[in-house]
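So the structure is just underneath, and the comments pick up after that.
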Amino acid sequence: MDTAGKEDQDASAEALLSGSAPWDDQQTWRRLFEQLPAPVYACDPAGRVIFFNAAAAALWGREPRIGHDLWCGSWHIFRPDGSPLPLEQCPMALTLRDQRAVCDMEIVIERPDGTRRRVMPHPQPIFTAAGVFAGAFNLLLDITDYKEADELRGRLTAIIHSSDDAIISKSLDGIITSWNNGAERLFGYTAQEAIGRPIAILIPDDRIDEEPEVLARIRRGETIDHYETIRRRKDGSMVNISLTVSPMTNAQGQITGASKIARDISERTDADHARTMLAAIVQSSDDAIVSKDLKGFITSWNRGAERLFGYTAEEAIGKSITMLIPPERIAEEPQVLSRIVRGESTEHFETIRRHKSGALLDISLTVSPIINAQGKIIGASKIARDISERKRAEKALIDADRRKDEFLATLAHELRNPLAPLRTSLEYLRQSGLSAAPPTQVIDIMGRQVDHMVRLIDDLLEISRISRGTIELRQETLHLSDAVNDAVEISRPLIEPRGHRLEISLAPDALQVLGDRVRLAQVFANLLNNAAKFTPPGGTIRLSLERHEAEAVVRVSDTGYGIAQDQLETIFEMFTQVRRSTGAASGLGVGLSLVRRLLQMHGGTVQAHSAGPGLGSEFIVRLPLTAAAAQPAAAPPLLLANPGPDPAARMVPRRVLLVDDNRDAVEALAMLLESLGHEVHVAYNGPDGLALAE
Numbered sequence: 042m043d044t045a046g047k048e049d050q051d052a053s054a055e056a057l058l059s060g061s062a063p064w065d066d067q068q069t070w071r072r073l074f075e076q077l078p079a080p081v082y083a084c085d086p087a088g089r090v091i092f093f094n095a096a097a098a099a100l101w102g103r104e105p106r107i108g109h110d111l112w113c114g115s116w117h118i119f120r121p122d123g124s125p126l127p128l129e130q131c132p133m134a135l136t137l138r139d140q141r142a143v144c145d146m147e148i149v150i151e152r153p154d155g156t157r158r159r160v161m162p163h164p165q166p167i168f169t170a171a172g173v174f175a176g177a178f179n180l181l182l183d184i185t186d187y188k189e190a191d192e193l194r195g196r197l198t199a200i201i202h203s204s205d206d207a208i209i210s211k212s213l214d215g216i217i218t219s220w221n222n223g224a225e226r227l228f229g230y231t232a233q234e235a236i237g238r239p240i241a242i243l244i245p246d247d248r249i250d251e252e253p254e255v256l257a258r259i260r261r262g263e264t265i266d267h268y269e270t271i272r273r274r275k276d277g278s279m280v281n282i283s284l285t286v287s288p289m290t291n292a293q294g295q296i297t298g299a300s301k302i303a304r305d306i307s308e309r310t311d312a313d314h315a316r317t318m319l320a321a322i323v324q325s326s327d328d329a330i331v332s333k334d335l336k337g338f339i340t341s342w343n344r345g346a347e348r349l350f351g352y353t354a355e356e357a358i359g360k361s362i363t364m365l366i367p368p369e370r371i372a373e374e375p376q377v378l379s380r381i382v383r384g385e386s387t388e389h390f391e392t393i394r395r396h397k398s399g400a401l402l403d404i405s406l407t408v409s410p411i412i413n414a415q416g417k418i419i420g421a422s423k424i425a426r427d428i429s430e431r432k433r434a435e436k437a438l439i440d441a442d443r444r445k446d447e448f449l450a451t452l453a454h455e456l457r458n459p460l461a462p463l464r465t466s467l468e469y470l471r472q473s474g475l476s477a478a479p480p481t482q483v484i485d486i487m488g489r490q491v492d493h494m495v496r497l498i499d500d501l502l503e504i505s506r507i508s509r510g511t512i513e514l515r516q517e518t519l520h521l522s523d524a525v526n527d528a529v530e531i532s533r534p535l536i537e538p539r540g541h542r543l544e545i546s547l548a549p550d551a552l553q554v555l556g557d558r559v560r561l562a563q564v565f566a567n568l569l570n571n572a573a574k575f576t577p578p579g580g581t582i583r584l585s586l587e588r589h590e591a592e593a594v595v596r597v598s599d600t601g602y603g604i605a606q607d608q609l610e611t612i613f614e615m616f617t618q619v620r621r622s623t624g625a626a627s628g629l630g631v632g633l634s635l636v637r638r639l640l641q642m643h644g645g646t647v648q649a650h651s652a653g654p655g656l657g658s659e660f661i662v663r664l665p666l667t668a669a670a671a672q673p674a675a676a677p678p679l680l681l682a683n684p685g686p687d688p689a690a691r692m693v694p695r696r697v698l699l700v701d702d703n704r705d706a707v708e709a710l711a712m713l714l715e716s717l718g719h720e721v722h723v724a725y726n727g728p729d730g731l732a733l734a735e
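Residues in the sequence shown are numbered consecutively from 42, following this note's numbering.
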């Protein structure tokens, strides 16, 4: 621009300003506009800028060229709702066109850098002293910050009133100054009931000391975050809340009160309590409680799982559940997961799982879906119970039932065997008549079979005593060799007819034990009888008695059929008989069970050993010695024959009273006693027996 042009523009501006000025000092008027903090500019009638101050340049975002740039510069102008506003409808354009002031019209201007500001233009037409229109003068009020603050206040007010949390403000002396809808819902008071009252109306008596402490911290400018406490509702009920309290300051930065946000955490507290209880139950459960995701990876592992499967939580979590599944059962897992995905549960599914050691476990599984807060299935919870003991018990019951059936079949067979020769012998006696004495062979047959039946009946009685636990011991200090001697005599009738060779070896010193001589003799007789039954004719049976430290050790061995390894322990169970290829042995399968029971009652033990079928067997009995046995003494001699009663004693006549409701038993015994020279009286019931006794 040349110097002459600039002078013309300055003169025009001065003329414009002087034309409307209430005073004539043009320089003062110009300096006043330049120093105004509000944006001010002036235009000629064509809209070209002829004056602007620094605030106007800052608002425009640049300095316009005097006399060249139009009033709108490079602005884009919008209505408050964001829609574009044509330039001809802008306040300045209307003033320049209609030569009138335009007020209360809000616009939004977009500056060259793209930022937008909200302004309230106040354009005024300017006329010269002669009344000639000289242009327009515009004062702009930047209301952006005010509008944003107002909108912010509106948003905050809406948020506060719609918040589920209780939002309350109070003065520094604890008087409530604001109260939102959330506070009304939480505490039960309306805003009219709460505002102006002390905050203490919400505080239980036992927590009233909290308020002075909170206010003291607020005065120091501190904020209290998520302080969990208890407050009282209007109806007197208590509620668990989380409090956040912040200082409120005025424009000068002075603390004037406090803002409190109270959140109801009753559900969370109850949930936390429930989770704590559930976690305690899960951790203390004897059952294994495991959770997994839908891909089968373990996500939780309790102590019960550690005890059942052997893995620690660190070893298990994050691993696939298939580490517990034997290969032959691996197909079960996809089936279980498919049911879980469908929302189905699997209850008490009995299967087999693998321990860390590789051992297989019988377990019962209950599997249920895990559902998140949105109702989506995210995994499965598994409760595994060890049912190995139950399975063993079931198997034992099945085995016991099988052995019972076998026992009944064996019992019927064993009772039938002696009855056949007895019946035959009786028929022979009937046919031959009583004119002559019965042949010795017939008497021997009948005697053996009767003895066999007596042993069977005795075994049945022992079964009853064992099952009822009514076996009683008559204990005394005795030489164990005496019981061995008794056992040899009891078993001799079974051993000798088979041609077995019986070898006996006794310790040189007396071995004393505390026990029942009859029952210990029964133990060793059962072992000798067992050896005789399972040793082929002509075999060898050995019995030895020796000392081993503080125990007496009795060994009974044979050269018989032997015992399979899988039967060495089960042969001591009731009704169990040794399997052998030559057929079933006689007996009820009671003897060895009775041996172990009687030895346990004496504080002793019995073990079976065998090299295998056909290689014989050995039974080892151990009994604790008495203190007196610590000093070795000479052993009493082993008696190999029973001298029987004194024959002279048979000749002394006695008067005998027999009472029994079994007529055959009484009459048969009466005949025997009378044949021996005794005077016999018989009664078939109790009253008659008492009368005869008197």
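Note that beta-carbon positions come from the ideal geometry of N, C-alpha and C, so glycine has one too. Just so you know, these numbers come straight off a predicted model, no measurement behind them.
Could you tell me whether the Cβ atoms of residue i and residue j are closer together than 8 Å?
i: L635; j: E430; result: no
i: I381; j: I358; result: no
i: I531; j: A562; result: yes
i: A79; j: L180; result: yes
i: A425; j: I393; result: no
i: P86; j: P132; result: no
i: L37; j: F119; result: For the chain, the structure presents residues 42 to 735; residue 37 sits outside this window and is missing.
i: R89; j: P153; result: no
i: R560; j: L633; result: no
i: E252; j: I240; result: yes
i: A98; j: V81; result: no
i: L256; j: G229; result: no
i: R273; j: I244; result: yes
i: S422; j: S332; result: yes
i: I612; j: A649; result: yes
In the DSSP assignment, the alpha helix (DSSP H) including residue i goes from what residue to what residue?
i: M642; result: G632 to M642
i: K574; result: R558 to K574
i: A668; result: A668 -> no alpha helix (DSSP H), and no H or E assigned at all.
i: L349; result: R344 to F350
How close, in whole Å, do the beta carbons of residue i and residue j come, if the pair is a contact with beta carbons under 8 Å?
i: L699; j: L710; result: 6 Å
i: R663; j: E610; result: Actually they do not touch by this definition, with Cβ atoms about 16 Å apart.
i: L543; j: I536; result: 6 Å
i: I271; j: I306; result: Contact doesn't hold; Cβ gap of about 10 Å is too wide.
i: G601; j: S658; result: 6 Å
i: D334; j: I418; result: D334 to I418, Cβ: 10 Å. No contact.
i: R344; j: Q324; result: 6 Å
i: H117; j: E151; result: 4 Å
Give every residue of the same chain whose Cβ lies closer than 7 Å to the Cβ of residue i, excluding the five residues on either side of it in the sequence, and list them in chain order.
i: R704; result: Y725
i: S516; result: The sequence shown places Gln at residue 516, rather than the Ser named in the question. Excluding positions up to five away in sequence, the list reads L555, G556 and D557.
i: L733; result: L698, H722 and A724
i: D427; result: L349, L402 and I404
i: P728; result: none
i: S361; result: G337 and F338
i: L77; result: N94 and A96
i: A682; result: Because A682 carries a pLDDT of 40, less than 50, the predicted location of this residue cannot be relied on, and no value is offered for it.
According to DSSP, residue i sits in a beta bridge with which residue or residues?
i: H589; result: E592
i: Y268; result: L284
i: E544; result: R583
i: V408; result: T387 and K423
i: G298; result: S212 and M289
i: F92; result: A83
i: I242; result: In DSSP, I242 forms no bridge with anything.
Going by beta carbon distance, what residues of the same chain come within less than 6 Å of residue i, once the five residues before and after it are set aside?
i: A142; result: Q165
i: D302; result: Residue identity differs from the one stated: residue 302 is Ile in this sequence, not Asp. D206, I208 and T285, listed in sequence order.
i: E735; result: none
i: I512; result: R506
Output needed for residue i: all residues of its chain with C-beta closer than 8 Å, excluding positions within five of it in sequence on either side, in chain order.
i: G730; result: L698, V700 and A724
i: G540; result: P578 and G579
Span of the beta strand (DSSP E) holding residue i?
i: A175; result: F174 to D183
i: A207; result: A207 to S212
i: M161; result: R157 to F168
i: F119; result: H117 to F119
i: S332; result: A329 to D334
i: S204; result: No beta strand (DSSP E) holds S204; DSSP gives it neither H nor E.
i: L519; result: E517 to H520
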